[in-house]
Amino acid sequence: MFSTNPGHVLIVDDEINTLKASATVLKMNGLKDVVTESDSRRVLEHMNAGGIDVVILDLYMPHVSGMELLPRLRELHPQVPVIIVTAAYEVERAVECIKAGAFDYLVKPVEPERMLISLQKALDCRALTDQVTSLRDHMVEDRLDNPAVFESIVSCSRKMRAIFQYLEVVAKSPQPVLITGESGTGKELVTQAIYRLSGCKGELVTINLAGLDDAMFSDTLFGHKRGAFTGADQLRDGLIVKAANGVILLDEIGDLGESSQIRLLRLIQEREFYPVGSDTTRKSEARIVCASNKDLKELVASGRFRNDLYYRLNVHHVDLPPLRNRKEDVPLLLEHFIRQAAKSLAINPPSYPKELLDLLAVYHFPGNVRELQGIVFDAVARSKSGKLSQEPFRQVMSAGHSQVPVLTSVSCTLGQKPCQGMLEEIWEHFPTLREAENYLIDCALKVAKGNQGTAATMLGLKRQTLNVRLKNRNKLP
């Protein structure tokens with residue numbers, strides 16, 4: 120039931136047989152680090168030595184009772200969940216303990232399944248508490264403990280640095296990680312960073328779920344037994360087995376069908392699965408990372424994605440910002456991709472004109488980092504005499520000039536009063552077409568710092584066309 124090395128548990132009870140029975144149940148279910156103590160006077164000694172994640176505490180014991188120990192534990196070790204054990208006729212007293220800070224209570228004779236469920240919840244709570252504490256420390260100190268892990272993600276952005284700090288904290292958690300963001304923002308690179316930070320000894324395995332129906336999903340992820348369906352001539356393990364003790368990335372999770380969502384939910388909740396055609400469960404300790412370029416909240420609202428699965432996946436959530444929202448990274452990425460492209464072509468990295476940065480500064484980048492990489496690789500391949508031409512960049516931006524951001528933040532719709540009022544504020548009258556054109560040209564030149572090529576791209580014009588209009592702007596329309 121428990122994952123590998125889930126935590127250290129201290130069981131306190133004056134009845135030796137109860138201690139032995141409880142410890143045996145926990146160890147049989149994968150919890151190896153169990154400490155038992157029959158003398159309640161030594162509990163604080165154990166706690167002060169450190170390393171205890173959860174305490175299971177009998178309420179009535181000689182020397183020091185659980186009722187006396189609970190407030191001391193909450194005061195000295197507030198991060199450690201305490202599960203109270205009491206007799207059936209003392210349930211009201213147990214409820215008082217819950218109000219005093221106990222995490223849960225168990226009634227004697229304790230049912231093994233009930234104890235396992237309560238303990239798993241307490242360990243999960245402790246893990247989340249530790250993560251929050253660590254994240255707070257990271258953010259306050261503004262530090263990265265493993266900067267080399269993020270070298271493949273080129274960025275100087277504060278938004279990305281905050282994400283790196285968050286990943287350092289949650290990477291070793293057994294809970295799933297959900298990565299969202301537009302296409303081309305770097306979800307696979309973030310998954311690779313999680314894998315390196317996690318310390319997992321198994322492989323990193325990726326499955327793209329786009330286009331997989333329920334049958335293909337089950338066969339790909341869980342495998343099948345011999346004879347499960349026509350053509351299943353031999354046993355085949357699924358990719359979840361290949362990812363044992365490693366990390367598995369389920370890409371495009373928003374495309375998952377209803378039946379597949381139910382099977383994935385079981386895998387996450389129970390850490391077990393059924394191969395296709397089998398009635399025997401198999402265990403899995405693979406760390407699950409899911410990625411999507413869709414808004415899963417919208418899919419939940421429309422009934423296309425289960426809300427219980429969404430909440431299971433959303434324990435740790437990383438939302439990657441689009442490149443247009445971290446433009447400070449563009450110069451770094453430009454130089455990085457130039458070096459990368461030159462290396463692949465076995466040439467010296469070409470230089471680039473400083474005006475290129477002005478051109479890129481006004482582009483929307485609908486394809487994000489992946490789009491910039493593609494443009495740079497094309498430009499480097501077409502470069503001559505060791506110099507990078509702006510033409511490949513202009514061609515892409517001109518072809519998609521509708522993606523270039525507008526020059527003002529005011530929304531303007533023809534024929535509506537807001538548009539008329541905005542125009543009349545600028546000119547004190549409704550402008551002529553030529554006046555509006557000249558104003559847009561002036562704005563574009565200002566944003567482009569006087570670079571006519573950049574301004575032409577912003578306006579969706581060829582540079583020659585802009586030159587002609589600039590020469591004729593003082594002539595009559």
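Take 120 as the starting number for the sequence shown in my numbering and just add one per residue. Note that CB positions come from ideal geometry on N, CA and C, so glycine has one too. Treat the numbers as computed from the prediction; the structure is a model and nothing was measured.
For residue i, name the three-state secondary structure that DSSP assigns.
i: L263; result: coil
i: A518; result: helix
i: I494; result: helix
i: K361; result: helix
i: K240; result: helix
i: C409; result: strand
i: E391; result: strand
i: N136; result: helix
i: V210; result: helix
i: K402; result: strand
i: V296; result: strand
i: L225; result: strand
i: N586; result: helix
Using the Cβ count rule (16 or more neighbours within 10 Å means buried), how would you classify residue i?
i: G170; result: exposed
i: T95; result: Outside the shown range of the chain (120 to 596) lies residue 95, about which nothing can therefore be said.
i: D223; result: buried
i: S530; result: Confidence is the limiting factor: at S530 the pLDDT is only 39, short of 50, which leaves the residue's position unreliable, though a coordinate-based value still follows. Under this definition S530 is an exposed residue.
i: I217; result: exposed
i: E287; result: buried
i: S470; result: exposed
i: L451; result: exposed
i: R592; result: exposed
i: T527; result: With a pLDDT of 40 at T527, under the threshold of 50, the modelled position of this residue cannot be trusted, and the question is left open.
i: F549; result: exposed
i: L129; result: buried
i: Q198; result: exposed
Quick check: the Cα distance between residue i and residue j, rounded to an integer number of angstroms?
i: E389; j: G126; result: 18 Å
i: S184; j: L247; result: 29 Å
i: P181; j: D133; result: 8 Å
i: D497; j: T400; result: 50 Å
i: T349; j: I298; result: 37 Å
i: L428; j: R161; result: 43 Å
i: K473; j: K568; result: 12 Å
i: A420; j: N433; result: 15 Å
i: M516; j: V408; result: 34 Å
i: L464; j: A500; result: 8 Å
i: L331; j: K306; result: 20 Å
i: R277; j: P441; result: 13 Å
i: L578; j: P511; result: 17 Å
With the cut-off set at 9 Å, would you say residue i and residue j are in Cβ contact?
i: F392; j: I367; result: no
i: E371; j: N412; result: yes
i: A410; j: A362; result: no
i: L308; j: I272; result: yes
i: I202; j: V174; result: yes
i: L478; j: Q514; result: no
i: D333; j: E377; result: yes
i: G220; j: R193; result: yes
i: Q294; j: D243; result: yes
Residue i bridges to which residues according to DSSP?
i: K506; result: S470, K503
i: D448; result: D448 pairs with nothing; no bridge assigned.
i: G342; result: D356
i: N327; result: D370
i: T155; result: I130
i: L176; result: V131, I203
i: V437; result: I298
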